[in-house]
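*Asks:* Chains as they are written, first to last, in our numbering: chain U, 1 to 135; chain P, 1001 to 1388.
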Amino acid sequence: MATARFWRENPSRYNLAASRCDNCGKVFFPPRAVCSACHRKSIGKMTSLKLKGTGEVHSYTLVHEAPAQLEMLKPYVVAIVKMDEGVMLTSQLIDCDPKKVEIGMRVKTTLRKLGEDGPAGVIWYGYKFMPEDQV
Amino acid sequence: MREVAVIGVGDTKFGELWDLSFRDIGIQAGLAAVYDANLAAEEIDALYVGNMSAGRFIEQEHVAALIADYSGLARDHIPATRIEAAGASGGLAVRQGYLAVASGMHDIVVVGGAEKMTDVGDVMASAIQSMAADQQWECVFGATFPALHAMIARRHMHEFGTTREQIAAVAVKNHKHGSMNPKAQFQREINIDTVLRSAPVAEPLTMFDCAPSSDGAAAVVLCAMEKARKYTDKPIRILGSGQASDTLALHDRDSICSFTATRVAAQKAFKQASLEAKDVQVAEVHDNFTISEILAIEDLGFAKKGEGGRLTAEGQTAIGGKVAVNTSGGLKARGDPIGATGVAQIVELVTQLRGTAGKRQVAGAKVGLAQNVGGTGATSVVHILGVA
Chain U
1 MATARFWREN
11 PSRYNLAASR
21 CDNCGKVFFP
31 PRAVCSACHR
41 KSIGKMTSLK
51 LKGTGEVHSY
61 TLVHEAPAQL
71 EMLKPYVVAI
81 VKMDEGVMLT
91 SQLIDCDPKK
101 VEIGMRVKTT
111 LRKLGEDGPA
121 GVIWYGYKFM
131 PEDQV
Chain P
1001 MREVAVIGVG
1011 DTKFGELWDL
1021 SFRDIGIQAG
1031 LAAVYDANLA
1041 AEEIDALYVG
1051 NMSAGRFIEQ
1061 EHVAALIADY
1071 SGLARDHIPA
1081 TRIEAAGASG
1091 GLAVRQGYLA
1101 VASGMHDIVV
1111 VGGAEKMTDV
1121 GDVMASAIQS
1131 MAADQQWECV
1141 FGATFPALHA
1151 MIARRHMHEF
1161 GTTREQIAAV
1171 AVKNHKHGSM
1181 NPKAQFQREI
1191 NIDTVLRSAP
1201 VAEPLTMFDC
1211 APSSDGAAAV
1221 VLCAMEKARK
1231 YTDKPIRILG
1241 SGQASDTLAL
1251 HDRDSICSFT
1261 ATRVAAQKAF
1271 KQASLEAKDV
1281 QVAEVHDNFT
1291 ISEILAIEDL
1301 GFAKKGEGGR
1311 LTAEGQTAIG
1321 GKVAVNTSGG
1331 LKARGDPIGA
1341 TGVAQIVELV
1351 TQLRGTAGKR
1361 QVAGAKVGLA
1371 QNVGGTGATS
1381 VVHILGVA
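1. On the three-state DSSP scale, how would you describe A1378 (chain P)?
2. Distance check for A1340 (chain P) and A1046 (chain P), CA to CA, integer angstroms please.
3. Just curious, the beta strand (DSSP E) that A1217 (chain P) is in, first and last residue?
4. Going along the chain, which residues of its own chain have a beta-carbon closer than 6 Å to the beta-carbon of A1217 (chain P), five neighbours each way excluded?
5. Here's a check: name, in chain order, each residue in its chain whose Cβ is nearer than 6 Å to the Cβ of T1351 (chain P), leaving out the five neighbours to either side.
6. Quick check on the burial criterion: 16 or more other C-beta atoms within 10 angstroms. Buried or exposed for E1298 (chain P)?
7. Would you say the region 1372-1382 of chain P touches the region 1083-1101 of chain P, given that touching needs at least three Cβ pairs under 8 Å?
8. Taking only three categories from DSSP, how would you classify Q134 (chain U)?
9. Okay, do the region 1134-1144 of chain P and the region 1247-1254 of chain P touch, 3+ Cβ pairs below 8 Å being the bar?
10. Which residues, taken in chain order from the region 79-91 of chain U, show a beta carbon closer than 7 Å to some beta carbon of chain P?
11. When you compare the CB of V1140 (chain P) with every CB in chain U, is at least one pair closer than 8 Å?
12. Comparing C-alpha positions only, which one of P:F1289, P:R1310, P:L1239 and P:A1261 sits nearest to L1349 (chain P)?
13. Can you check which of these residues, P:T1081, P:G1320, P:G1368 and P:S1258, is closest to I1236 (chain P) by C-alpha distance?
14. Going residue by residue through the region 1231-1268 of chain P, where are the continuous beta strand (DSSP E) segments of at least 3 residues, counting only ones entirely within it?
15. L1020 (chain P) and D1215 (chain P) look like a contact to me (Cβ under 8 Å); what is the Cβ gap, rounded to whole Å?
16. Residues in the same chain with beta-carbon distance under 6 Å from A1032 (chain P), minus the five sequence neighbours each way, listed in chain order, please.
17. Do Q1187 (chain P) and G1178 (chain P) have their beta-carbon atoms positioned less than 8 Å apart in this structure?
18. Assuming D1069 (chain P) and A1211 (chain P) form a contact by the criterion Cβ under 8 Å, report the distance between their Cβ atoms to the nearest whole angstrom.
19. In chain order, what residues of the region 54-67 of chain U put their CB closer than 9 Å to some CB of chain P?
20. Taking 8 Å as the cut-off, decide whether the C-beta atoms of A1171 (chain P) and T1290 (chain P) are in contact.
21. Under 9 Å between beta-carbons, which chain P residues line up against P30 (chain U)? List them in chain order, please.
22. Exposed or buried, what is V135 (chain U) when buried is set at 16 or more other beta-carbons lying within 10 Å of its beta-carbon?
23. Find out if the Cβ-Cβ distance for the pair I1256 (chain P), R1334 (chain P) is shorter than 8 Å.
24. Identify every residue that forms a DSSP beta bridge with V1109 (chain P).
25. Looking at C-beta atoms only, is the number of pairs between the region 1125-1135 of chain P and the region 1103-1113 of chain P that lie closer than 8 Å three or more?
26. Can you give, in chain order, each stretch of the alpha helix (DSSP H) that sits fully within the region 1070-1094 of chain P and has at least 4 residues?
27. What does L49 (chain U) touch in chain P if you count any residue whose Cβ is under 8 Å from its own?
28. Establish whether the CB of V1123 (chain P) and some CB of chain U are separated by less than 8 Å.
29. Output yes if chain P places a C-beta closer than 8 Å to the C-beta of I123 (chain U); else output no.
30. Return the chain-ordered ranges of every alpha helix (DSSP H) run that is complete within the region 1317-1380 of chain P and spans a minimum of 4 residues.
31. What residues of chain U sit near A1150 (chain P), judged by a beta carbon separation below 9 Å?
32. Leaving out five residues before and five after C35 (chain U) in sequence, what residues of the same chain have Cβ atoms less than 7 Å from its Cβ?
33. When you compare the CB of G44 (chain U) with every CB in chain P, is at least one pair closer than 8 Å?
34. Quick check on DSSP: helix, strand or coil for I123 (chain U)?
35. Short of 9 Å Cβ to Cβ, which residues in the region 9-26 of chain U face chain P?
36. Using C-beta distances below 8 Å, list every residue in its chain close to E1061 (chain P), excluding the 5 sequence neighbours before and after it, in chain order.
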């Protein structure tokens, strides 16, 4: 993959850049140009927003069959997290016992390495989740 | 809009067809369908081919022209179009063919679907399948295609009390149906323990909750109803066709326990057919994972939301039950050569409605429904077929 792609994606991956429709209040991640509920009424009313990074587990799984990139990590937990702003995100849930993960559990984002473009390529970083009370 | 009939069907065996190429299976299915329809090559107006990812699986794009060429149609110069909507590629190809005939643009159209998945290894095949999900905001973060469905299953269990055993019952039923289909990839019966004790893929789902990687092709011939009886005494009518889309990423839905695209596509198809779920005797639904069939029968209206698991465990969706679901064995046991699957569903329905399904025949089948899904429900295509 070309380096440019990662530069484009960094604002949301690193800083949780999102957008909110000021017509209805719905939050989108990553930022969208148009609100799917308000359509035309949202034009010019999509404002930038940075997610706080906290939320609760909506669902989760322990992945045993991993893509080649993540072979060394398996088994690992992937969760869909409902952020406090209402929008949902998908990523790994780390730094906790997979057996103790449950729906409703409070989590927060943390910046981690997600993968790399082969041994000499770009390393890409982004958010993963960890228990909220973990330091 | 003109009435449209299916006048011919053909398919290959599904499985690890190591001695056959993409071209071989595409032609095998296509020629079988054309032969079944008693058709001369010159009568074919157009070809549609459902295929998800030949570029990644066999490093060959431009496969519609390829299939037309190797089917002996190069000198007829017919329009040949490839359709892609991930897992729904086949169903969508059928719909495009249907629209072309219904509109009056074409009289006779061949719709094929094909995928050759075993020319790459398991890990690569899984990676390619995951491309149906959102690469940028799901897969890069470690979500695999099975992982996304595992999270649907977990949430369904949480919200509705669906049990692990009820989910496994889908695989048991579909393997039983597959045991009666000589073209199925898996023709051996399993039990609940087989599913629960097999290797975990993404918890709570195990290997036996997942459809396999498969090679295979299927084809149907569509014809304007007014001309259909020239070719067959038993044309099968397409009563309704619906298609809908939704967010690409699962996490952008209001609920991850329902595919709204399926509900919308089904509403459209049922409305066109002037029928309801209770009028359907046989259905082929998109069970790429066991949990997917539970969502499907709920979203299609065969079960109330949250009761799909119970209904399945009670045997109400088996042959002989309230509605026979996945009589072919479904994606789970018949196999899932991605682009072929949606077309193979129509082949099975036509076989059932003609009354030629042999051991797995649903007695008195008059109306059949096919539901074909792309990704985690970002595309859904529903067709309703009936005895003409």
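All C-beta atoms, glycine included, are put in the ideal place defined by N, C-alpha and C.
*Replies:* Quick look at the numbers:
1. Within the second sequence, numbered from 1, the residue matching residue 1378 (chain P) stands at position 378. A1378 (chain P): coil per DSSP, three-state reduction.
2. Taking the second sequence and counting its residues from 1, the one referred to as residue 1046 (chain P) is at position 46. Taking the second sequence and counting its residues from 1, the one referred to as residue 1340 (chain P) is at position 340. Distance between the alpha carbons of A1046 (chain P) and A1340 (chain P) is about 18 Å.
3. Numbered from its first residue, the second sequence carries residue 1217 (chain P) at position 217. D1215 to A1224 is the span of the beta strand (DSSP E), which, as asked, contains A1217 (chain P).
4. Numbered from its first residue, the second sequence carries residue 1217 (chain P) at position 217. Within the same chain, A1217 (chain P) has close Cβ partners T1012, I1025, G1026, A1029, A1114 and A1340.
5. Mapped onto the second sequence, residue 1351 (chain P) falls at position 351. Excluding positions up to five away in sequence, the list reads A1357.
6. Position 298 of the second sequence, counted from the first residue, corresponds to residue 1298 (chain P). Burial call: buried.
7. yes
8. Position 134 of the first sequence holds residue 134 (chain U). Note: Q134 (chain U) maps to coil in three-state DSSP.
9. With three or more CB-CB distances shorter than 8 Å, the region 1134-1144 of chain P counts as touching the region 1247-1254 of chain P.
10. I80, M88, L89, T90 and S91
11. Numbered from 1 along the second sequence, position 140 holds the residue referred to as residue 1140 (chain P). Cβ-Cβ to chain U under 8 Å: yes for V1140 (chain P).
12. The count along the second sequence starts at 1 and reaches residue 1349 (chain P) at position 349. Checked all of P:F1289, P:R1310, P:L1239 and P:A1261; the closest Cα to L1349 (chain P) is P:L1239.
13. Within the second sequence, the letter at position 236 stands for residue 1236 (chain P). Closest option to I1236 (chain P), Cα to Cα, is P:G1368.
14. 1236-1245
15. As a position in the second sequence, residue 1020 (chain P) is number 20, starting the count at 1. As a position in the second sequence, residue 1215 (chain P) is number 215, starting the count at 1. Cβ-Cβ separation between L1020 (chain P) and D1215 (chain P): approximately 7 Å, consistent with a contact (criterion under 8 Å).
16. The residue labelled residue 1032 (chain P) in the question sits at position 32 within the second sequence. Same-chain partners within the cutoff: G1010.
17. Along the second sequence, one-based indexing puts residue 1178 (chain P) at 178. Along the second sequence, one-based indexing puts residue 1187 (chain P) at 187. Closer than 8 Å, so yes.
18. Stepping through the second sequence from its first residue, residue 1069 (chain P) is reached at position 69. Stepping through the second sequence from its first residue, residue 1211 (chain P) is reached at position 211. Actually they are not in contact, since the Cβ atoms of D1069 (chain P) and A1211 (chain P) sit about 30 Å apart, beyond 8 Å.
19. H58, S59, Y60, T61, L62, V63, H64, E65, A66 and P67
20. Numbered from 1 along the second sequence, position 171 holds the residue referred to as residue 1171 (chain P). Numbered from 1 along the second sequence, position 290 holds the residue referred to as residue 1290 (chain P). Result yes, Cβ atoms of A1171 (chain P) and T1290 (chain P) sit closer than 8 Å.
21. The residue labelled residue 30 (chain U) in the question sits at position 30 within the first sequence. Per Cβ cutoff of 9 Å: Q1136 and W1137.
22. Against the first sequence, residue 135 (chain U) aligns to sequence position 135. The residue is exposed, with fewer than 16 neighbouring Cβ atoms inside 10 Å.
23. On the second sequence, residue 1256 (chain P) is found 256 positions in, with the first residue counted as 1. On the second sequence, residue 1334 (chain P) is found 334 positions in, with the first residue counted as 1. Contact: no.
24. Indexing the second sequence from 1 puts residue 1109 (chain P) at position 109. The partner list for V1109 (chain P) (beta bridge, DSSP) reads P:A1046 and P:L1222.
25. Between the region 1125-1135 of chain P and the region 1103-1113 of chain P, the count of Cβ pairs shorter than 8 Å is below three; the stretches do not touch.
26. none
27. Taking the first residue of the first sequence as position 1, residue 49 (chain U) is located at position 49. Here the premise fails: no neighbours, minimum Cβ distance about 16 Å.
28. Position 123 of the second sequence holds residue 1123 (chain P). At least one chain U Cβ lies under 8 Å of V1123 (chain P).
29. Counted from its first residue, the first sequence places residue 123 (chain U) at position 123. By this cut-off, I123 (chain U) is not an interface position.
30. 1330-1334 and 1338-1354
31. On the second sequence, residue 1150 (chain P) is found 150 positions in, with the first residue counted as 1. Within 9 Å Cβ-Cβ: S59, Y60, T61, L62, V63 and V78.
32. As a first step, residue 35 (chain U) must be located in the first sequence, where it is residue number 35. Once the five neighbours on either side are set aside, the close Cβ partners of C35 (chain U) are C21, N23, C24, K26, S42 and M46.
33. By 1-based counting over the first sequence, the position of residue 44 (chain U) is 44. No, G44 (chain U) does not count as interfacial toward chain P.
34. If you number the first sequence from 1, residue 123 (chain U) lands on position 123. DSSP, reduced to helix, strand and coil, places I123 (chain U) within a strand of the structure shown.
35. E9, S12 and R13
36. One-based indexing of the second sequence puts residue 1061 (chain P) at position 61. So the qualifying residues of the chain are A1054 and G1055.
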